[in-house]
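Letter by letter, the sequence shown follows residues 53 to 684 of the numbering used here.
A quick write-up on the structure given underneath.
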Amino acid sequence: PTREMIMGLRAVDALPFVDVPFLAADLAVKQFLQENGTAHVIKDELNYDHYRPDQPPRFVFQGCYSSHMRMKQRNYRDETLLTVAEKFGALAELLTGYRTPTDSLREAWKIVLFNQFHDLLPGTAIHRAFEDAHTSYDRAERALVQSLDAALDSLTEAADYPQSGYPIIVFNALGHPRTDVANVILDFDRLPAQILFVDAAGDTTPGQVLEGMQVYERFWRVRVGFAARQVPAVGYKAYAVKAWDKRGRDLRVLDVLREPTLAAWHPEIFDDHTYWKPAARLFKMSLDTTRQGQILLGGQALKAELDLRTGGIVRLVGPSGKNWALASQPMARLEILGDEPGGYTAWKMRLTDFDTLLTPAGPVRLLTDGPVCTKVRVPYSFGNSRFYVDVTVYRELPRVDVDVHSYWRERLKVLKAVFPVATQAAQHTRAIPFATIQRPNDGLEEPAQRWMDLSDTAGGVAILNRNNPGHDVQGHTIRVTLLRSPVDPDPVADVGEHHARLAIYPHSGTWQQADPQAQALALSAPLLTRVPHHAEGRIPPQASLAAVSNSAVTLSAFKKSEDGRGYVMRLVERSGKKQPSVRVDFLEPIASGQEVDLIEDPLGPAATRGSSLVTSLGPYEIKTCRVVFERR
């Protein structure tokens with residue numbers, strides 16, 4: 053309630069014939085039970101319709117999970133970016149003396165939270181309202197990107213680098229050390245045939261040209277990917293880049309093109325109308341096909357086969373050796389369904405009998421192949437719309453990325469990505485805010501956070517998403533809703549270009565053992581790269597701000613405290629099991645530690661030992677702690 057509401061109620065309570073008591077929630081419930089006896093208890097999701105026994109069960113306003121997908125996309129992305137900016141702002145403060153612009157970040161948070169208003173984030177407002185919302189997102193993103201770039205630049209310039217090549221630094225925002233693929237755009241006078249990245253210990257990892265262009269016939273600009281191994285938690289790792297041409301001659305890096313920070317979340321769509329050309333064209337690569345018309349996509353972590361006729365994955369073998377794909381029902385295909393709710397089209401979803409699985413509208417193309425990954429593109433079309441599906445299998449990562457680029461021009465239709473799984477699991481698990489929940493595979497449209505998992509005790513498959521909450525699970529098939537096309541109250545909702553990134557994560561064991569949350573967080577917070585202008589060498593070549601010892605616990609936030617005294621971190625237990633001992637190792641010795649509530653009021657002391665804080669968490673518990681470091 054607002055202050056005005058409370059004052060109004062006090063005025064009414066002062067009237068002689070009215071009694072308006074103020075009660076805490078627990079006292080109100082106790083009084084209700086005394087007056088009414090027992091109460092019906094709902095231990096389930098609150099947006100599930102429990103009250104219509106004459107109708108089949110359903111989630112309320114299922115269309116809202118996918119209407120105006122750009123709003124969901126920017127909400128997810130900006131929430132992630134704001135926490136990333138806060139984390140690296142804290143790291144830069146401790147290492148370089150950088151000052152985090154807390155006021156501008158606070159204003160950006162206000163904009164992002166305001167846009168979670170019930171007609172904006174659900175996608176049920178009029179067109180003009182969304183124009184205003186996107187304008188405000190632009191303001192928030194300018195502020196948070198400026199803050200994040202300043203923090204990363206401060207660390208980049210201060211770091212020490214290996215002396216064997218051109219310097220580059222990689223940043224990891226997650227609370228655990230991580231191996232993932234990072235990208236950087238480099239300029240060479242000749243097209244590189246071999247690229248190596250060397251860390252401070254002398255360990256090397258190969259690079260791979262993903263795409264490139266020749267600029268004015270004078271030099272080559274290439275996007276290079278490489279597996280950055282064990283990048284420290286909420287930290288960085290420095291590398292040196294070395295390259296050779298096809299004759300084995302040394303190549304010098306002429307320059308580095310720094311992409312906008314937001315490009316890490318929205319890769320450019322390249323086709324025949326752009327300057328970027330896929331590496332397969334530059335190096336004249338060809339597809340490795342079998343007699344059955346399938347493409348072999350292999351790595352150390354998993355192997356896949358893609359069918360040329362359908363464009364889907366017909367074989368997916370993870371570490372256990374089990375094939376989780378079905379040859380008769382390929383994975384990662386696109387499906388178009390009719391969606392005619394008969395009114396309130398932005399709110400409601402009512403699928404019709406119209407249902408078609410798309411087949412490739414042209415040849416499957418190899419985009420790149422090398423020591424880092426293999427990537428192919430499958431083109432589709434339907435009506436006035438066209439789509440590219442890029443499937444990427446990595447050599448060292450246990451997931452398959454599925455990027456869907458859409459040019460959407462439909463009305464009253466739904467676009468879904470389809471993932472049949474070779475399992476008999478009767479229920480699925482999906483991520484909800486700071487927890488998980490299990491539901492039967494009944495085909496209902498429902499919302500998830502970053503992942504949903506279909507598995508039993510022997511294993512299964514998790515489908516990860518970056519910004520697509522709507523999905524359904526029918527039998528052994530997961531379908532992720534990519535786009536809708538409602539016609540009211542906004543008649544042109546989601547018309548235009550879109551990008552969705554999904555990933556397939558096959559695993560053995562239960563979902564708790566496989567930890568799809570860690571993979572989903574990695575998908576949502578990509579590694580970031582920078583290059584120094586004048587490397588000062590005054591901080592180590594790698595460092596970690598805060599590392600969590602327990603893999604079932606997420607460091608969801610680390611920021612300067614609201615009162616400016618120390619730093620506040622937030623831990624979340626995500627496996628649904630008690631964690632009796634959780635240790636967080638910090639960059640510097642701790643002077644004092646406190647457990648605080650969500651608004652940072654103290655609850656009691658926290659146990660600290662040197663530069664570590666030790667605590668425990670219950671199932672799905674959220675715990676917030678304040679730490680003050682000795683040097684601060």
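Every residue gets a Cβ at the ideal spot worked out from N, C-alpha and C, and that includes glycine.
Computed from a predicted structure; not experimentally measured.
beta-carbon residue i near the ligand ADP non-hydrogen atom, thresh 7 Å
i	result
Phe-166	With respect to the ligand ADP, the structure offers nothing, as it holds no ligand at all.
Option nearest residue i by Cα separation, candidates the options
i	options	result
Pro-214	Asp-653, Gly-645, Val-679, Val-583	Val-583
Ala-252	Val-274, Tyr-218, Gly-227	Tyr-218
Pro-491	Ala-91, Met-401, Phe-111	The sequence shown places Arg at residue 491, not Pro. It is Phe-111 whose Cα lies nearest to the Cα of Arg-491.
Leu-386	Ile-237, Ala-469, Thr-529	Ala-469
Gln-571	Pro-472, Arg-451, Phe-471, Gln-501	Arg-451
Ala-658	Met-337, Ala-280, Val-666	Val-666
Leu-98	Arg-553, Tyr-557, Glu-498	Glu-498
Leu-134	Glu-159, Glu-145, Phe-113, Gly-115	Glu-159
Asp-241	Arg-270, His-228, Thr-488, Asp-232	Arg-270
Arg-275	Gly-435, Arg-301, Tyr-268, Ile-247	Ile-247
Tyr-128	Leu-573, Leu-75, Leu-650	Leu-573
His-528	Ala-91, Ile-642, Gly-495	Gly-495
Ser-188	Asp-201, Thr-176, Gln-168	Gln-168
Val-267	Trp-328, Leu-303, Gln-476, Lys-124	Trp-328
Leu-403	Asp-71, Glu-131, Gly-115, Gln-83	Gly-115
Val-525	Asn-235, Ala-500, Thr-176, Leu-535	Ala-500
Arg-553	Val-441, Thr-420, Gln-476, Arg-482	Val-441
Val-416	Gln-381, Trp-376, Leu-467, Thr-362	Thr-362
Thr-148	Ser-601, Asn-602, Arg-590	Arg-590
Val-430	Thr-54, Pro-412, Arg-281	Pro-412
His-318	Asn-519, Thr-54, Phe-69, Phe-113	Asn-519
Sequence-distant residues of the same chain with beta carbon closer than 6 Å to residue i, five excluded per side
i	result
Glu-56	none
Ser-608	Arg-622, Val-624
Gly-670	Lys-630
Ala-555	Arg-451, Asp-453, Leu-516, Leu-575
Ala-195	Ser-156, Ala-160
Presumed contact (8 Å Cβ cut-off) between residue i and residue j, rounded CB distance
i	j	result
Ala-599	Ser-627	Going by Cβ atoms, the distance from Ala-599 to Ser-627 rounds to 18 Å, so no, they are not a contact pair.
Lys-465	Ala-142	46 Å between Cβ atoms; not a contact.
Ser-668	Gln-631	6 Å
His-179	Asp-540	Incorrect: roughly 11 Å between the Cβ atoms, too far for contact.
Phe-439	His-457	7 Å
His-550	Met-121	6 Å
Glu-209	Glu-682	Not a contact, Cβ separation roughly 25 Å.
Contacting residues, own chain, Cβ-Cβ under 8 Å from residue i (five flanking each side not counted)
i	result
Pro-654	Gln-646, Glu-647, Val-648, Arg-678
Phe-223	Phe-140, Leu-204, Leu-207, Val-283, Gly-287, Tyr-288, Leu-579, Leu-580, Thr-581, Arg-582
Val-547	Trp-460, Arg-461, Ser-537
Arg-447	Ala-279, Gly-351, Gln-352, Ala-353, Pro-423, Val-424, Cys-425
Pro-593	Ala-211, Asp-212, Tyr-213, Pro-214, Asp-251, Ala-252, Lys-289, Ala-290
Asp-201	Thr-313
Phe-322	Low local confidence applies: a pLDDT of 46 at Phe-322 is under 50, so the model's placement there is unreliable, with the coordinate-based value given in what follows. Same-chain partners within the cutoff: Glu-263, Trp-328, Lys-329, Pro-330.
Close beta carbons around residue i, own chain, < 7 Å, minus the five adjacent residues each side
i	result
Ser-596	Pro-284, Ala-285, Val-286, Gly-287, Leu-639
Gly-561	Gly-511
Pro-153	Ser-199
Ala-356	Leu-349, Ile-365, Arg-367, Leu-368, Val-445, Val-452
Arg-62	none
Glu-614	Glu-652
Phe-434	Ile-388, Leu-410
Contact check, residue i vs residue j, beta carbons under 8 Å
i	j	result
Leu-349	Leu-339	no
Leu-418	Ile-388	no
Pro-423	Gln-565	no
Leu-238	Val-293	yes
Asp-455	His-480	no
Gly-618	Val-680	yes
Gly-277	Val-233	yes
Glu-263	Ala-315	no
Pro-258	Trp-296	no
Gly-117	Thr-533	The sequence as given places Tyr at residue 117; Gly does not occur at that position. Yes, the Cβ-Cβ distance between Tyr-117 and Thr-533 is below 8 Å.
Gly-175	Ala-514	no
Thr-606	Gly-227	yes
Ile-674	Thr-660	no
Asp-71	Asp-65	yes
Thr-475	Ser-437	no
Glu-87	Asp-130	no
Buried or exposed (CB count within 10 angstroms, at least 16 for buried), residue i
i	result
Thr-397	buried
Met-59	exposed
Val-636	buried
Ala-137	buried
Lys-427	buried
Gln-344	exposed
Proximity test, Cβ basis, 8 Å: residue i and chain D
i	result
Met-59	The chain labelled as chain D is not found in the depicted structure, where only one protein chain is given.
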